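**Student:** The numbering of the sequence shown is the numbering used here, which starts it at 90 and goes up by one. The C-beta atom is built at its ideal place from N, Cα and C for all residues, glycine as well. Since this is a predicted model, take the numbers as computed values, not measurements. What follows is a structure written as structure tokens; I'll ask about it next.
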Amino acid sequence: MCSRSATVIATFSRRMHIAFPEGDEAFARIKGKTLQPVCGDVVRVETLSGEDDWLITAIEDRHNQLSRPNRRGSVEVLAANIDVVVAVAAASPAPDWFIVDRYLCAAELMRADAILVYNKTDEPRLPGTDAALVNYEEVGYPVYRTSAETGEQLDDLRGSIGVRTAILVGQSGVGKSSLINLLSGPSNQKTSGISRKSGEGRHTTVNSMMLPLPGGGAVIDSPGVRDYAPAMSEVTDAEAGFREIHAEAENCRFANCRHLREPDCAVKGAIDSGTIHARRYESYRRVLRQIERLQNRSGG
Ligand code: GDP
Ligand code: ZN
Numbered sequence: 090m091c092s093r094s095a096t097v098i099a100t101f102s103r104r105m106h107i108a109f110p111e112g113d114e115a116f117a118r119i120k121g122k123t124l125q126p127v128c129g130d131v132v133r134v135e136t137l138s139g140e141d142d143w144l145i146t147a148i149e150d151r152h153n154q155l156s157r158p159n160r161r162g163s164v165e166v167l168a169a170n171i172d173v174v175v176a177v178a179a180a181s182p183a184p185d186w187f188i189v190d191r192y193l194c195a196a197e198l199m200r201a202d203a204i205l206v207y208n209k210t211d212e213p214r215l216p217g218t219d220a221a222l223v224n225y226e227e228v229g230y231p232v233y234r235t236s237a238e239t240g241e242q243l244d245d246l247r248g249s250i251g252v253r254t255a256i257l258v259g260q261s262g263v264g265k266s267s268l269i270n271l272l273s274g275p276s277n278q279k280t281s282g283i284s285r286k287s288g289e290g291r292h293t294t295v296n297s298m299m300l301p302l303p304g305g306g307a308v309i310d311s312p313g314v315r316d317y318a319p320a321m322s323e324v325t326d327a328e329a330g331f332r333e334i335h336a337e338a339e340n341c342r343f344a345n346c347r348h349l350r351e352p353d354c355a356v357k358g359a360i361d362s363g364t365i366h367a368r369r370y371e372s373y374r375r376v377l378r379q380i381e382r383l384q385n386r387s388g389g
């Protein structure tokens with residue numbers, strides 16, 4: 090028997106496509122019923138006598154994971170070991186900056202880096218767009234103004250992802266699939282390449298896959314990630330998700346200040362002096378209210 094370490098690069102239902110550090114790829118099935126590897130996982134695999142497929146016997150500790158609550162009330166993991174969350178907004182559908190803020194929150198809570206992309210720069214932009222983008226830059230997020238149509242800033246975005254593993258999140262229709270295709274380049278025949286090798290036919294459903302980028306990084310593409318809505322459950326998640334509010338909070342009089350009506354709140358002071366943007370603060374309050382509503386509903 091031979092045992093190796095590999096990365097999960099595509100998942101069919103219980104069958105996985107894995108890549109070894111040396112670059113060779115193989116198929117694997119999963120030992121038992123409890124292991125649930127996802128795209129991005131580093132796994133231990135063993136050879137099986139008389140079979141081409143490898144057997145996944147263990148999942149290495151994850152640096153982080155992208156998860157969401159599923160209909161059965163448990164948490165479903167969509168992808169693992171993500172270095173950078175790319176939050177995508179666009180000229181159309183009209184940007185919803187609250188949704189962008191929630192994705193940035195999710196990135197902060199996952200301890201992943203975050204990049205903001207404003208796509209479809211070839212289309213007219215709504216008033217207020219530039220101010221919003223500049224504010225994100227001031228908060229410290231790299232912002233790329235891209236067009237999948239003209240190619241604007243695509244090289245810069247690819248360069249910014251670098252050798253990291255990224256996921257693209259954002260409202261439906263902002264151009265995530267278009268950007269993924271352009272970033273990964275023409276060599277990626279997406280599902281058909283894998284299906285050919287697997288002999289499972291080109292219509293085999295790929296749940297999610299990791300597409301290599303020419304620069305050495307990768308993008309994880311999954312339908313679940315594409316319409317991902319992050320779940321936040323603790324009141325402290327709200328503050329942790331807004332880095333400029335989190336930074337200011339240490340100057341509040343009360344350690345448990347929620348920055349609503351508490352006296353001597355440094356966050357309120359920073360809004361008055363203009364160092365914290367009122368719109369971001371509004372998003373913070375909405376996230377906080379959502380979390381409180383969820384907690385009241387669950388009686389917690
Ligand atoms: P997704 O739902 O976020 O994956 O968005 P898609 O990649 O499917 O794109 C939605 C639509 O917007 C498609 O019709 C794309 O051709 C179009 N689209 C994507 N990027 C751009 C862009 O930069 N400029 C313009 N004009 N259209 C774009
Ligand atoms: Zn405060």
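1. Quick one: does the C-beta of Ala-237 sit closer than 6 Å to a heavy atom of ligand 1?
2. How far does the beta strand (DSSP E) with Ser-297 in it reach, from first residue to last?
3. Which residues in the same chain as Arg-160 place their Cβ atom closer than 7 Å to its Cβ, once the five residues preceding and following it in sequence are excluded?
4. Smallest Cα separation from Val-134: which of Glu-339, Pro-110, Leu-268, Ser-297?
5. Near Met-299, what residues of its chain come up, given a Cβ to Cβ distance below 6 Å and the 5 sequence neighbours on each side ignored?
6. What ranges does the beta strand (DSSP E) occupy inside the segment 140-220, keeping only unbroken runs of at least 3 residues that lie completely in it?
7. Would you say Ile-365 and Glu-333 are within 7 Å of each other, going by their C-beta atoms?
8. Would the segment 228-239 and the segment 261-277 be scored as touching if the rule is three or more Cβ pairs under 8 Å?
9. Taking contact to mean 3 or more Cβ pairs, one atom from each stretch, closer than 8 Å, check whether the segment 169-189 and the segment 239-259 are in contact.
10. Rounded to the nearest angstrom, how far is the Cβ of Ala-178 from that of Tyr-207, given a contact under 8 Å?
11. Please report the Cβ distance between Pro-175 and Ala-255, rounded to the nearest whole angstrom; I am assuming they are in contact, meaning their Cβ atoms lie under 8 Å.
12. Is Glu-212 near ligand 1, with its Cβ less than 6 Å from a heavy atom?
13. Which residues in the same chain have their Cβ closer than 6 Å to the Cβ of Ala-221, if we skip the five residues on either side of it in sequence?
14. Rounded to whole angstroms, what's the CA-CA distance from Met-90 to Ala-117? Just pull it up for me.
15. Which residue marks the beginning of the beta strand (DSSP E) containing Gly-348, and which one marks its end?
16. At a cut-off of 6 Å, would you count His-366 as near ligand 3, judging by its Cβ distance to the nearest heavy atom?
17. Can you tell me whether DSSP reads Ile-98 as helix, strand or coil?
18. Taking the beta strand (DSSP E) that Ser-107 falls in, what are its first and last residues?
19. Go to Glu-135, then tell me how far its beta strand (DSSP E) extends in each direction, as first and last residue.
20. Does DSSP classify Thr-446 as helix, strand or coil?
21. Whole angstroms are fine: how far does the CA of Pro-213 sit from the CA of Arg-93?
22. Decide if Lys-122 is buried, meaning its Cβ has at least 16 other Cβ atoms within 10 Å, or exposed.
23. So is the beta-carbon of Val-416 under 6 Å away from any non-hydrogen atom of ligand 1?
24. Could you pull out every residue in the same chain whose Cβ sits closer than 6 Å to the Cβ of Cys-346, ignoring the five residues on either side in sequence?
25. Taking Asp-142 as the reference, which of Arg-157, Lys-120, Asn-153 has the closest Cα?
**Tutor:** On the basis of the data shown:
1. yes
2. Start and end: 297-301.
3. The beta carbon of Arg-160 lies closer than 7 Å to none in the same chain, with the five residues before and after it left out.
4. Pro-110
5. Answer for Met-299: Ile-98, Cys-128, Ala-307, Ile-309, listed in chain order.
6. 143-148, 154-158, 164-169, 173-179, 202-208
7. Result yes, Cβ atoms of Ile-365 and Glu-333 sit closer than 7 Å.
8. yes
9. yes
10. 5 Å
11. The residue you asked about is not Pro; residue 175 is Val in the sequence shown. Confirmed, about 5 Å.
12. yes
13. Trp-186
14. 15 Å
15. It should be noted that the sequence gives His, not Gly, for residue 348. No beta strand (DSSP E) holds His-348; DSSP gives it neither H nor E.
16. With respect to small molecules bound, the structure shown includes ligand 1 and ligand 2 and not ligand 3.
17. strand
18. Note on residue identity: the sequence assigns Ile, not Ser, to residue 107. Taken as a continuous stretch (DSSP letters only), the beta strand (DSSP E) holding Ile-107 covers 104-108.
19. Start and end: 131-135.
20. Limits of the chain in this structure are 90 at one end and 389 at the other, which puts residue 446 out of reach.
21. Near 52 Å, if we compare the C-alpha coordinates of Pro-213 and Arg-93.
22. Within a 10 Å sphere around the beta-carbon of Lys-122 sit fewer than 16 other beta-carbons, which makes this residue exposed.
23. Summary: the structure shown does not reach residue 416, with the chain confined to residues 90 through 389, and so no result is reported for it.
24. Cys-354
25. In terms of CA proximity to Asp-142, Lys-120 leads the group Arg-157, Lys-120, Asn-153.
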